[in-house]
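The structure appears right after this line, and notes come after that.
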Amino acid sequence: MTELRVYLPIKDLQPQFAAYLSTPTRARGYPPFEGQHSLIIEVAPALAIHRIADLALKVAPDMEPGILFTERQFGLLELHSSDMAELDAAGQAVLDGIGAKATDQMAPKVLFHDIIEDLSDQHAIILNRSRDASILVPGVSLLIVEMAPALFACVAANEAEAAAPDVTINDVQMMGASGRIFMSGRTADVEHARDAIIKTLDGVKGRKS
524 MTELRVYLPI KDLQPQFAAY LSTPTRARGY PPFEGQHSLI IEVAPALAIH RIADLALKVA
584 PDMEPGILFT ERQFGLLELH SSDMAELDAA GQAVLDGIGA KATDQMAPKV LFHDIIEDLS
644 DQHAIILNRS RDASILVPGV SLLIVEMAPA LFACVAANEA EAAAPDVTIN DVQMMGASGR
704 IFMSGRTADV EHARDAIIKT LDGVKGRKS
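Just remember that our numbering sits 523 ahead of the position in the sequence shown, which is counted from 1.
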């Protein structure tokens with residue numbers, strides 16, 4: 524039996540987040556572009572994701588898979604297209620194929636958030652050694668947010684960028700036990716981004732873990 528953990532449509536990929544998804548470590552398939560739409564699905568057990576990919580791509584073969592990845596316990600698939608109807612059709616085929624509804628996914632939870640003002644140079648340097656997106660510079664305000672399941676960091680980062688386009692995405696950790704977002708900029712902007720993240724995740728319907 525396949526457990527649906529995440530069913531995550533993301534409309535209108537923002538410039539920074541689309542670029543982040545297009546990095547070689549994330550986009551193992553076809554990279555998405557700004558303005559496209561994305562559907563991200565996570566299931567358990569991990570290898571069930573190949574049945575998910577089969578169901579989706581046979582219904583909408585023109586879609587592009589960006590990520591097909593199996594962790595120890597979970598499998599995830601990212602699909603993108605310029606046609607939201609195409610993604611909806613593929614998503615419905617997946618849901619029908621595993622006998623699930625979108626609301627059967629796990630409801631996201633915000634585990635932690637903080638804003639660190641006037642980031643020190645030493646702090647910026649050590650964070651830059653491990654970040655996957657834009658470089659951090661000293662003196663900015665740094666927003667950090669942790670949520671579960673991890674993949675909800677994707678929609679959170681995209682919606683935060685849409686709400687606060689002057690904020691810089693420094694890292695989006697979307698795999699593992701929890702998801703983490705690092706964004707920086709002026710304090711007012713990162714506060715706006717934080718509020719958008721919390722509002723977005725609060726609006727997702729799903730089952731409690």
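Beta carbons are placed, not taken as given, at the ideal position from N, Cα and C, and that holds for glycine. Computed from a prediction, not measured in an experiment: that's the story for all the values here.
Which same chain residues, not among the five before or five after residue i, have their C-beta less than 7 Å away from its C-beta?
i	result
proline 555	Leu536, Ala541, Leu544, Ser545, Ser561, Gly589 and His603
methionine 607	Lys534 and His560
Going along the chain, which residues of its own chain have a beta-carbon closer than 6 Å to the beta-carbon of residue i, five neighbours each way excluded?
i	result
alanine 673	Met697, Met698, Gly699, Ser701 and Gly702
alanine 612	Val582 and Ala583
glutamine 539	Glu684 and Ile692
Measuring CB to CB, does residue i end up less than 8 Å from residue j?
i	j	result
arginine 654	asparagine 693	yes
alanine 687	alanine 719	yes
alanine 685	isoleucine 704	no
valine 566	arginine 528	yes
alanine 569	glycine 598	yes
phenylalanine 592	arginine 652	no
valine 663	serine 707	yes
arginine 730	aspartate 627	yes
Around the Cβ of residue i, are there at least 16 other Cβ atoms within 10 angstroms (buried) or fewer (exposed)?
i	result
histidine 736	The chain is shown only over 524 to 732; residue 736 falls outside these bounds and no answer can be derived.
leucine 634	exposed
serine 643	exposed
glutamate 609	buried
glutamate 601	buried
serine 732	exposed
aspartate 577	exposed
isoleucine 648	exposed
proline 788	Nothing can be reported for residue 788, as the shown portion of the chain is limited to 524 through 732.
threonine 723	buried
Where does the unbroken beta strand (DSSP E) through residue i begin, and where does it stop?
i	result
methionine 670	664-671
leucine 659	Unbroken run through leucine 659: none, as it is neither H nor E.
glutamate 601	598-604
glutamine 537	Per DSSP, glutamine 537 belongs to no beta strand (DSSP E) and is neither H nor E.
glutamine 628	Where glutamine 628 is concerned, there is no enclosing beta strand (DSSP E), given that its DSSP letter is neither H nor E.
arginine 717	It is not in any beta strand (DSSP E) - arginine 717 instead sits in the alpha helix (DSSP H) that spans 710-725.
valine 695	691-696
Along the chain, where does the alpha helix (DSSP H) containing residue i start, and where does it finish?
i	result
methionine 607	607-621
glutamate 587	Element bounds for glutamate 587: not the alpha helix (DSSP H) but the beta strand (DSSP E), 587-593.
arginine 574	572-582
threonine 525	Note, threonine 525: premise wrong, no alpha helix (DSSP H); not H, not E.
- Let me know the beta strand (DSSP E) ranges lying completely inside the segment 541-569, each 3 residues or longer, listed in chain order. 560-567
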